[in-house]
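Heads up: the sequence shown at position 85 corresponds to 595 in our numbering, and the numbers run straight through without jumps.
Every residue gets a Cβ at the ideal spot worked out from N, C-alpha and C, and that includes glycine.
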Amino acid sequence: MRIRALTVAALGAVLTLSACGGTPAQRQAQHNQADVMFASQMIPHHKQAVSMADMVPAHTKDPKLRSLSEQIKKAQRPEIDTMSGWLDSWGAKDQASEHSGHAMTGMMSEQDMSKLGTVNGKTFDTMWLDMMIKHHQGAVDMSNTELQDGSAKEAKQLARDIIGAQRKEIGTMRGMLG
């Protein structure tokens, strides 16, 4: 009798969920506050990495650094768009500005960014690589937090992708530093 009652209850839940298909309540259940925090903080984090990458052509002739900066921009711009879309679909766009003000690991200060913009050549290369390694490590840390605390499958997959790509780039940058 107990098994039959559980079966009926489970069937009822399945039918209820399938009848609701894509309601705001279901979309809410597909993510949690950790997912919102991840996207809200990773967007400005990625934007700063793109800004750093945008500085490269004006400050160095190193072809490896130029190529790496293009690779970073090519990866992170679409991720920014993806995460912005999630925040919209989650009804959390307004929360993005709240979370983006929180201290984020690996972010450069305005002074760091200004100083980077005043140097050229090898000095720029070394400073940029040191800063970007710290920046990437911050993104890896934020992604690990998402894997631990988040619930949205797509956000967790992006976190895995970020970890893989940025660890590889950290290795490349450490190699470039010698």
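Query, Result
"Any alpha helix (DSSP H) of 4 or more consecutive residues that is wholly inside the stretch 598-679", "603-610, 620-626, 631-659"
"Alpha helix (DSSP H) segment containing residue 541, residue limits", "Segment: none, residue 541 is in no alpha helix (DSSP H) and carries neither H nor E."
"Cα-Cα separation between residue 574 and residue 580, rounded to whole angstroms", "10 Å"
"Segment contact flag, the stretch 542-560 with the stretch 639-651, C-beta cutoff 8 Å, min 3 pairs", "yes"
"Per-residue DSSP class, three states only, for residue 591", "helix"
"Alpha-carbon to alpha-carbon, residue 667 and residue 568", "34 Å"
"Buried or exposed by the 16-neighbour rule on C-beta atoms within 10 Å, applied to residue 653", "buried"
"Residue 572 - DSSP class collapsed to helix/strand/coil", "coil"
"Neighbour-count burial assignment, residue 628, 16 or more Cβ in a 10 Å radius", "exposed"
"Three or more C-beta pairs below 8 Å linking the stretch 612-625 and the stretch 586-594", "no"
"Alpha carbon of residue 576 to alpha carbon of residue 672, nearest angstrom", "20 Å"
"Proximity to residue 638 [Cα-Cα], best of 655, 657, 617", "617"
"Close Cβ partners of residue 526 (< 8 Å) along its chain, the five nearest in sequence each way excluded", "The pLDDT assigned to residue 526 is 41, lower than 50, so where the model puts this residue is not dependable; a value taken from the coordinates is nonetheless given after this. Here the set comprises nothing."
"Cβ shell of residue 641 (< 8 Å), same chain only, five flanking positions each side left out", "562, 618, 622, 626"
"Straight-line gap, residue 683 to residue 657 (C-alpha atoms, nearest Å)", "25 Å"
"CB-CB length for residue 545 against residue 674, believed under 8 Å", "Not really, about 19 Å apart at Cβ, beyond 8 Å."
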